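Residue 32 in my numbering sits at position 44 of the sequence shown, and the numbers go up by one each step. The beta-carbon is built from N, C-alpha and C at its ideal position, and this holds for glycine as well. Only a predicted model underlies this, so the values are computations on that prediction, with no experimental measurement involved.
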Amino acid sequence: MQYYLNLSGVERETLLNLSANHMHRDIRVRATGILLIDSGLTAPKAAAQLKVSSQSVYNWIHAWQEDGLSALLRGHHGGRSKLLTDAFVSTALEIAKSGSLSLKEISRMLESHYGHPLPCTLQALGAALRRKGWSFRRNNSHIDSQQASALIAERFAVKRNLLLTEVEKETLLNLESNHRHRDIRLRATGILLVNSGLAVRRVAARINVSPQTVYHWIHAWREEGICALLGGHNRGRPRLLSEALVVAAVEIAQAEPFTLKQIGCLLEARYGQPLPCSLESLGAALRRKGCTLRRNKGRNRFQPVAIASDFESSPH
């Protein structure tokens, strides 16, 4: 399909300027596409020349016809959002000015201050600081690791150490030793290890979780205390046997001295579907209701059709 846009001299001049000088490549490509279409080129040929899809060219044409130049300038969001917030960069700049620190040492101080891993690479952090006018040089011998650690402890008060009270320590030790769920015991252990001054990555390695998980525990503890560690446990998978199914199984078990297998067959006949769990799980559910099962080999000749008919009149 051939399009004729009939651009005016001013529009051509504006688009030529846009295609040559705009700071964003996608805007330059759109302007070039409109100029190619105006020169008489078909949309597929213009698309092939610009290495875009034909649909993109058609979209530019329709946008131009509806809104003119302003339509070509929309839809550019400046690439992905910045990983480092302005507050984060300001803190990094403050740290950089406090001493001759390397980028790695600055990143360690930021992680310690904010309580989570650096959200970008060291190169991106360096680029952000350079945009603020800060220049770096390698400081391999200027500051050793002990001096860096001391500076971290002095500069930022909110550190790995959580400053737990004696009551909190006692509560966490009790939780670590006696709670019935392993994940809760693990969280308590993690908080105690962090409070002892151990680095987050070493805590994570010792208890075999990810560092981000430990950071989550730290934030949760600071916000909600012990309640945060106890949340999020859903007590395992949901039960396979509904309460109605268990009640029906108890009713069958109390009617005759059936075996578990016979009770399972009767339940399947009654509900018209396979038993949703193993016979062992069915037996455990019956025992929780106080039913004592015993083996009945040869005592009762099982006739599933006859027995099932006795329960067909029962409500489902």
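Excluding the 5 residues flanking residue i on each side, which residues of the same chain have their C-beta closer than 8 angstroms to its C-beta?
i, result
"L263", "G252, L255, E256, L270"
Quick check: the Cα distance between residue i and residue j, rounded to an integer number of angstroms?
i, j, result
"A208", "L24", "58 angstroms"
"E156", "M97", "27 angstroms"
"L72", "V235", "58 angstroms"
"T109", "H12", "25 angstroms"
"R16", "A35", "14 angstroms"
"I240", "T159", "47 angstroms"
"G260", "L248", "18 angstroms"
"L4", "R118", "34 angstroms"
"D55", "I49", "10 angstroms"
"H169", "C215", "15 angstroms"
"V191", "V202", "8 angstroms"
"R194", "K85", "35 angstroms"
"R276", "R173", "27 angstroms"
"I94", "S41", "45 angstroms"
"A112", "L57", "35 angstroms"
"E18", "G28", "What sits at residue 18 in the sequence shown is Arg, not Glu. Spanning the two alpha carbons is a distance of roughly 16 angstroms."
"C265", "H167", "28 angstroms"
"L233", "L274", "11 angstroms"
"F246", "R227", "24 angstroms"
Nearest CA to the CA of residue i: which residue from the options?
i, options, result
"H309", "T30, A187, V45, S44", "Only positions -11 to 304 of the chain appear in this structure, which leaves residue 309 out of reach."
"R210", "E231, V182, N196, A193", "V182"
Counting along the chain, where does the alpha helix (DSSP H) carrying residue i start and finish?
i, result
"Q37", "31 to 38"
"F76", "74 to 86"
"Q43", "42 to 55"
"W122", "Run containing W122: none; DSSP gives neither H nor E here."
"G178", "170 to 183"
"Q242", "231 to 243"
"T159", "154 to 166"
"M11", "No alpha helix (DSSP H) contains M11, which DSSP labels as neither H nor E."
Closer than 7 angstroms to a non-hydrogen atom of the ligand NAD - does that hold for the CB of residue i?
i, result
"P105", "Of the ligands one can find in the structure shown there are none, so the ligand NAD has no counterpart to examine."
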